[in-house]
Amino acid sequence: MGRDSVLVSGDWAERRLGTAGVVFVEIGNEDTEYRKGHPPGAVWINWSELQDDLRLGVVGPPAFERLMRAKGIGEEDTVVVYSANANLLATQLYWYLTLHGHRSVRLLDGGRRKWELDGRPLTTALPDRPATGYLVTRPDPSVRATRDDVLAALGQRNIIDVRSPEEYSGLVFAPGFAGEAFTAGNNPHEVAQRSGHVPGAVHLPWEAVVGTDDTFRSDEELGRRFAALDPARGTITYCWVGARSAHSWFVLRELLGWPDVRNYDGSWAEYGSLIGVPVERGTPGDRAAHLPTTPR
């Protein structure tokens, strides 16, 4: 698609604050910073509001419609998303909106960090938007990979693991938690049954594509980062629960224009708990450390 059609600058965004048909949305895991100050009119969405706790994973169209209606977002609105942490959850929200067929979505380059660094307006006033009649009419499942898609892609497509080196190698199960020491109730959202990576997956950590101000690096720099891969093969990105991989999905599909890029939102939380699927451990150059495919 190209960055001019999917990214907006702070100048572009500030000029459109309060404009009819443009809705700014901040997303995160908790709203402390949002309540301290946010761009005037910006709506808050908690990441948990997009999760189906019974089925696990992203909510289906009916729940998505209810959420959009409650937030005052219409089908024809241009939704401008942003978050903290280099727009990590914002790119996942962008992916959710694309998956459900929203027609006009933009990402605020640099997210919350860049907005604050530039000294742009913030308010503590909460927006009061009227409910809408939002309908999901054109979902786009082509941007999503399932576990079956991943298994079919082994040796056939680019599979990109965007997690940390420790997660990829199998030293840790999830971000910030070391091996078997992490239990936390064995929540599928938190940890998989096994550590490691999808066989043949290329390791390209997600955060290398942004600068110190959380804006994306140039197209030339991004192109060099992924130069060893052939876009024509088709690509699947994955991480732990689909957030970091949505960020890489955004770079490849929306900024670099690669065809057929899919985000595996089940990611390692799902794949690492499947019985009978192949798993590898070790560094990117070590292809000898295959794990047994039998359950523990």
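Under my numbering, think of the first position of the sequence shown as 37, with each following residue one higher. Backbone N, C-alpha and C define an ideal beta-carbon position, used for all residues, glycine too.
Query - 4 or more residues per run - each alpha helix (DSSP H) lying fully within the segment 169-196 - result: Here the runs fully enclosed are 183-189.
Report task. Could you check what DSSP says for Gly221 in three-state terms: helix, strand or coil? Result -> In the sequence shown, the residue the question calls residue 221 occupies position 185. At Gly221, the pLDDT of 39 sits below 50, so the modelled position is not reliable and the matter cannot be decided from this model.
Report task. Starting from the Cα of Asp26, find the closest Cα among Leu53, Thr273, Gly46 and give me that residue. Result -> The structure shown does not extend to residue 26, since the chain is modelled only from 37 through 332, so no value can be given for it.
Query raised in the report: According to the Cβ coordinates, are Asp250 and Leu292 closer than 8 Å?
Result: Walking along the sequence shown from the start, residue 250 turns up at place 214. Walking along the sequence shown from the start, residue 292 turns up at place 256. Taking 8 Å as the cut-off, the beta carbon of Asp250 is found no closer than this to the beta carbon of Leu292.
Report task. Tell me whether Leu207 sits in a helix, a strand or coil according to DSSP, three-state version. Result -> In the sequence shown, the residue the question calls residue 207 occupies position 171. Look at Leu207 here: in three-state DSSP terms it is coil, with no helix or strand label.
Query raised in the report: Quick one: any contact between the segment 138-151 and the segment 90-99, if contact means 3 or more CB pairs under 8 Å?
Result: At 8 Å Cβ cutoff, the stretches do not touch.
Query - C-alpha gap between Trp242 and Leu103, whole angstroms - result: One-based indexing of the sequence shown puts residue 242 at position 206. One-based indexing of the sequence shown puts residue 103 at position 67. The alpha-carbon atoms of Trp242 and Leu103 are separated by roughly 28 Å.
**Report entry** As assigned by DSSP and simplified to three states, the class of His74
**Finding:** Residue 74 sits at position 38 when you count from the first residue of the sequence shown. Here DSSP, grouped into helix, strand and coil, assigns His74 to strand.
Query - Beta-bridge partners of Gln87, as assigned by DSSP - result: Position 51 of the sequence shown holds residue 87. Under DSSP, Gln87 takes part in a beta bridge, and its partners are Val94.
**Report entry** Pro97 to Asp176 span [Cα, whole Å]
**Finding:** Stepping through the sequence shown from its first residue, residue 97 is reached at position 61. Stepping through the sequence shown from its first residue, residue 176 is reached at position 140. Taking the straight line joining both Cα atoms gives about 11 Å.
Requested in this report: Tell me where the beta strand (DSSP E) around Arg142 begins and ends.
Outcome: Position 106 of the sequence shown holds residue 142. Residues 141-144.
Query raised in the report: DSSP state of Thr248, grouped into three classes?
Result: Here residue 248 refers to the residue found at position 212 when the sequence shown is read from its first residue. In the three-state scheme derived from DSSP, where H, G and I count as helix and E and B as strand, Thr248 is classed as coil.
Requested in this report: Give the DSSP-derived three-state secondary structure of His138 in the structure shown.
Outcome: Counting from 1 along the sequence shown, the entry for residue 138 is found at position 102. In this structure, His138 counts as coil in the three-state DSSP scheme.
Query raised in the report: To which residues of the same chain is Ala126 closer than 7 Å at the C-beta, ignoring the five residues directly before and after it?
Result: For this step, residue 126 is matched to residue 90 along the sequence shown. Closer than 7 Å at Cβ, skipping near neighbours: Ile63, Val117, Tyr118, Ser119, Leu143, Gly147.
Query raised in the report: How big is the Cα-Cα spacing for Ala189 and Arg183?
Result: The sequence position of residue 189 within the sequence shown is 153, counting from 1. The sequence position of residue 183 within the sequence shown is 147, counting from 1. It is roughly 10 Å from the alpha-carbon of Ala189 to the alpha-carbon of Arg183.
Report task. Report whether the distance from the Cβ of Pro97 to the nearest heavy atom of the ligand ZN is below 7 Å. Result -> The ligand ZN is not among the ligands present in this structure, which contains no ligands whatsoever.
Report task. Report yes or no: is there a C-beta of chain B within less than 8 Å of the C-beta of Gly278? Result -> No chain B is present in this structure, which holds just one protein chain.
Report task. Might you give, ordered along the chain, the residues of its own chain that have their beta carbon closer than 8 Å to the beta carbon of Ser303, omitting 5 neighbours on each side? Result -> Translated into the one-based positions of the sequence shown, residue 303 becomes position 267. Excluding positions up to five away in sequence, the list reads Tyr274, Cys275, Trp276, Val277, Gly278, Ser281.
Query raised in the report: With DSSP run on the structure shown, which of helix, strand or coil describes Phe262?
Result: Residue mapping note: residue 262 aligns to position 226 of the sequence shown, counting from 1. If DSSP states are grouped into helix, strand and coil, Phe262 belongs with coil.
Requested in this report: Would you kindly work out how many angstroms separate the C-alpha atoms of Ser200 and Ile311, rounded to a whole number?
Outcome: Position 164 of the sequence shown, counted from the first residue, corresponds to residue 200. Position 275 of the sequence shown, counted from the first residue, corresponds to residue 311. Those two C-alpha atoms are separated by around 24 Å.
Query - Span of the alpha helix (DSSP H), counted from its first residue to its last, around Val287 - result: To locate residue 287, count along the sequence shown from 1; it is residue 251. Run containing Val287: none; DSSP gives neither H nor E here.
Requested in this report: Identify whether Trp276 lies in helix, strand or coil by the three-state DSSP scheme.
Outcome: For this step, residue 276 is matched to residue 240 along the sequence shown. In the three-state scheme derived from DSSP, where H, G and I count as helix and E and B as strand, Trp276 is classed as coil.
Query raised in the report: Is the beta carbon of Ser309 sitting closer than 8 Å to the one on Gln192?
Result: In the sequence shown, the residue the question calls residue 309 occupies position 273. In the sequence shown, the residue the question calls residue 192 occupies position 156. Their beta carbons are not under 8 Å apart, which means Ser309 does not touch Gln192 by this criterion.
Requested in this report: Sort out for me which residues DSSP pairs Val313 with in a bridge.
Outcome: Locating residue 313 in the sequence shown gives position 277, where the first residue counts as 1. Bridge partners of Val313: none, in fact.
Report task. Can you tell me which of Asp154, Tyr204, Trp151, Pro163 puts its alpha carbon nearest to the alpha carbon of Pro76? Result -> Residue mapping note: residue 76 aligns to position 40 of the sequence shown, counting from 1. Closest by alpha carbon: Pro163.
Requested in this report: Measure the C-alpha to C-alpha separation of His138 and Arg260 and round it to an integer number of angstroms.
Outcome: Along the sequence shown, read from residue 1 onward, the residue named residue 138 stands at position 102. Along the sequence shown, read from residue 1 onward, the residue named residue 260 stands at position 224. Each residue's Cα considered, the two are about 31 Å apart.
Query raised in the report: According to DSSP, is Thr271 helix, strand or coil?
Result: The count along the sequence shown starts at 1 and reaches residue 271 at position 235. In this structure, Thr271 counts as strand in the three-state DSSP scheme.
Requested in this report: Counting only the same chain and skipping the five closest in sequence on each side, list residues whose C-beta sits under 7 Å from that of Thr134.
Outcome: In the sequence shown, residue 134 corresponds to position 98, counting from 1. The residues are Val141, Asp176, Val179.
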